[in-house]
Amino acid sequence: MNRYIPLTQEDQKYMLEKIGVKGIDDLFSDIPESIKLNRKLNINDSYSELEVQKLMKRLSNQNNNLDDYTSFLGAGSYDHYIPSVVRHIASRSEFYTSYTPYQPEVSQGTLQYIFEFQSMMAELTGMDVINASMYDGATATAEAAIMAIRVNNRSKVAVSSTIHPETWKVLETYCHFREIKLIKIPEIDGKTDLEDLKLIDSDTAAVIIQSPNFYGVVEDVAPIEKVTHENKSLLIMNVDPISLGIAKSPGEYRADIVVGEGQSLGIPQNFGGPYLGFIGTTEKLMRKMPGRICGLTNDVDGKQGFVLTLQAREQHIRREKATSNICSNQSLCALMAVVYLSVMGREGIVDVAKQCISKANYTMEKLLETNKFKKVYPGPIFKEFVLETALDADKIEKALYEEKIIGPLNISRLKKDKKNQLLFAVTEKRTREEIDKMVDIIKEVH
Numbered sequence: 003m004n005r006y007i008p009l010t011q012e013d014q015k016y017m018l019e020k021i022g023v024k025g026i027d028d029l030f031s032d033i034p035e036s037i038k039l040n041r042k043l044n045i046n047d048s049y050s051e052l053e054v055q056k057l058m059k060r061l062s063n064q065n066n067n068l069d070d071y072t073s074f075l076g077a078g079s080y081d082h083y084i085p086s087v088v089r090h091i092a093s094r095s096e097f098y099t100s101y102t103p104y105q106p107e108v109s110q111g112t113l114q115y116i117f118e119f120q121s122m123m124a125e126l127t128g129m130d131v132i133n134a135s136m137y138d139g140a141t142a143t144a145e146a147a148i149m150a151i152r153v154n155n156r157s158k159v160a161v162s163s164t165i166h167p168e169t170w171k172v173l174e175t176y177c178h179f180r181e182i183k184l185i186k187i188p189e190i191d192g193k194t195d196l197e198d199l200k201l202i203d204s205d206t207a208a209v210i211i212q213s214p215n216f217y218g219v220v221e222d223v224a225p226i227e228k229v230t231h232e233n234k235s236l237l238i239m240n241v242d243p244i245s246l247g248i249a250k251s252p253g254e255y256r257a258d259i260v261v262g263e264g265q266s267l268g269i270p271q272n273f274g275g276p277y278l279g280f281i282g283t284t285e286k287l288m289r290k291m292p293g294r295i296c297g298l299t300n301d302v303d304g305k306q307g308f309v310l311t312l313q314a315r316e317q318h319i320r321r322e323k324a325t326s327n328i329c330s331n332q333s334l335c336a337l338m339a340v341v342y343l344s345v346m347g348r349e350g351i352v353d354v355a356k357q358c359i360s361k362a363n364y365t366m367e368k369l370l371e372t373n374k375f376k377k378v379y380p381g382p383i384f385k386e387f388v389l390e391t392a393l394d395a396d397k398i399e400k401a402l403y404e405e406k407i408i409g410p411l412n413i414s415r416l417k418k419d420k421k422n423q424l425l426f427a428v429t430e431k432r433t434r435e436e437i438d439k440m441v442d443i444i445k446e447v448h
């Protein structure tokens with residue numbers, strides 16, 4: 003591969019002569035001999051392009067991918083269908099290599115798709131404004147908690163026990179050194195316990211819920227909203243954007259802040275990232291929201307253009323007084339979401355959501371018919387559900403994996419008190435044949 007490296011022996015000789023030294027060793031003459039290595043590095047010789055391709059192929063074959071495996075694993079990362087045009091457009095160099103659009107005169111393309119992302123997500127969530135993106139759903143939730151403290155000038159945030167356990171850990175990390183006290187609201191039947199929620203006090207800045215929650219159960223948001231706002235606290239909702247194809251939007255529930263993970267919107271699972279967080283709020287609270295906001299305006303000639311607006315909130319302007327320390331964002335992932343939403347359209351998102359509900363319920367019914375499981379939570383589900391079994395969860399996982407099926411999550415890995423409970427995820431990609439095959443394999447596990 004040396005032919006791709008421009009520094010030839012002749013180039014080196016010319017450069018050394020130009021600066022008046024005889025050899026490369028003379029450049030390091032000030033380094034004592036006693037600490038020099040004085041041998042070649044213990045690395046392989048350079049590979050040819052063909053050898054590199056074979057090596058990378060061999061390494062990649064050690065991984066398993068969803069082209070070869072059927073997945074019933076979710077818990078925050080989902081195997082949804084991604085139209086081919088999403089990757090095609092996101093891979094274009096003018097999008098793929100661009101960075102922070104601080105110069106609007108040369109960044110209109112990037113700013114336009116950010117604006118369109120904000121507009122589409124605002125319509126989907128029913129909120130007045132959505133920012134340009136956050137790192138992921140968990141950090142977006144943590145930023146929302148900090149935002150609520152800033153708005154209400156209180157010291158506590160109440161968090162439902164039904165949120166994703168890893169989101170809870172991120173909340174703890176973000177809030178600990180800010181001296182924000184996190185109060186965990188107990189759960190009952192897989193939902194937020196309304197009686198315990200009523201114990202929030204005048205120092206509670208916000209209540210955070212997730213719906214559909216970690217167990218896949220759809221929360222009773224209306225009574226939670228009522229109790230929260232009666233206490234003059236903010237309601238923060240963490241949502242699955244795909245569920246909004248048929249569920250009431252956070253805006254309709256009068257949520258003050260909405261957050262979520264946008265991986266379902268055309269972004270591959272990618273070994274866990276990068277993903278796409280989003281955060282939105284009302285016009286009243288807009289100036290307290292973290293992250294970039296792209297706006298539409300007119301230039302001096304009256305032409306429409308896009309700019310980053312309300313930048314006084316951001317750290318490159320105000321440093322320690324900024325609304326957040328987020329510096330970069332996930333705009334390439336936001337582009338993928340824009341393309342996905344554009345291609346799918348309103349009817350497409352509704353159809354995906356309906357298929358998720360239908361197929362998840364079908365899967366649950368078939369598994370219950372085996373008499374090896376029992377339903378844990380009675381509430382309505384979206385695309386995930388929890389079943390309890392007397393079977394060895396590891397045996398189920400192994401039996402499915404041998405047939406190229408990635409099985410459900412053993413919840414005890416994240417919640418130690420949830421013994422023998424499995425979290426199944428079923429998206430629109432799953433077929434009746436795939437579901438029935440999984441059920442038949444589990445039937446044979448003893």
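Take the sequence shown: its letters are residues 3 to 448, numbered as in my numbering.
Think of the CB as a built atom: it goes at the ideal place given N, C-alpha and C, for glycine as much as any other residue.
All values derive from a computational prediction rather than experimental measurement.
Proximal residues to residue i (C-beta, below 8 Å), its chain only, five neighbours per side dropped
i    : result
G274 : S79
M3   : Note that M3 scores a pLDDT of 46, beneath 50, so its modelled location is shaky; the value from the coordinates is reported in the next line. Correct list, in chain order: S48, Y49, S50, E51 and V54.
D438 : K368
V172 : A140, T141, T143 and A144
F117 : C296, G297, L298 and F308
DSSP-derived helix/strand/coil call for residue i
i    : result
M3   : Confidence at M3 is low in this model, with a pLDDT of 46, below 50, so its placement is unreliable and no value can be given for it.
E405 : coil
I91  : helix
N331 : coil
M440 : helix
M123 : helix
K200 : coil
K183 : strand
E390 : strand
L9   : coil
S73  : strand
E254 : coil
A160 : strand
V209 : strand
I383 : strand
Q105 : coil
G347 : helix
V131 : strand
A249 : coil
Supposed close pair residue i, residue j - CB separation, criterion 8 Å
i    : j    : result
G262 : Y137 : The Cβ separation is near 13 Å, so there is no contact.
E281 : A150 : Before going further, note that residue 281 is Ile rather than Glu in the sequence given. 11 Å between Cβ atoms; not a contact.
T433 : K385 : The Cβ separation is near 15 Å, so there is no contact.
I210 : A249 : No, I210 and A249 are not in contact; Cβ-Cβ is about 18 Å, not under 8 Å.
P292 : S326 : 3 Å
N215 : T143 : Contact doesn't hold; Cβ gap of about 13 Å is too wide.
D258 : L287 : 6 Å
M122 : L343 : 5 Å
Within 8 Å, strictly: CB atoms of residue i and residue j
i    : j    : result
S213 : V229 : no
A2   : I269 : Here the chain covers residues 3 to 448 and nothing more, so residue 2 does not appear.
I351 : G247 : yes
P167 : L416 : yes
G139 : F387 : no
V220 : I383 : yes
L337 : Y115 : yes
A207 : K158 : yes
T283 : I295 : no
V341 : P106 : no
S333 : A134 : yes
G192 : V345 : no
Y71  : K406 : yes
L75  : I408 : yes
E232 : R256 : no
C335 : P243 : no
D81  : S73  : yes
A401 : V447 : yes
E285 : V88  : no
Close Cβ partners of residue i (< 7 Å) along its chain, the five nearest in sequence each way excluded
i    : result
G128 : S251, P252, G253 and E254
V23  : L29
F375 : L369, L389, E390 and T391
K290 : M149, R152, V153 and T325
T372 : V441, I444 and K445
T195 : Just to set this straight, residue 195 is Asp in the shown sequence, not Thr. Correct list, in chain order: I187, P188 and E189.
G111 : E96
Y83  : E430 and K431
P225 : L196
Same chain, Cβ closer than 6 Å to residue i, neighbours up to 5 away in sequence not counted
i    : result
V420 : The identity of residue 420 in the sequence shown is Lys, whereas the question assumes Val. I413 and S414.
Residue-chain proximity (residue i, chain C), Cβ-Cβ < 8 Å
i    : result
Y176 : Of the chains in the structure shown, none is chain C; there is only one protein chain.
Legend entry - contact_flag[the stretch 158-169, the stretch 181-191] where n(CB pairs < 8 Å) is 3 or more: The stretch 158-169, when compared against the stretch 181-191, does touch it at the 8 Å Cβ threshold.
Inset, instruction - Count the C-beta pairs between the stretch 361-368 and the stretch 194-205 that are closer than 8 Å, then say yes if the count reaches three, no if not. - result: The stretch 361-368, when compared against the stretch 194-205, does not touch it at the 8 Å Cβ threshold.
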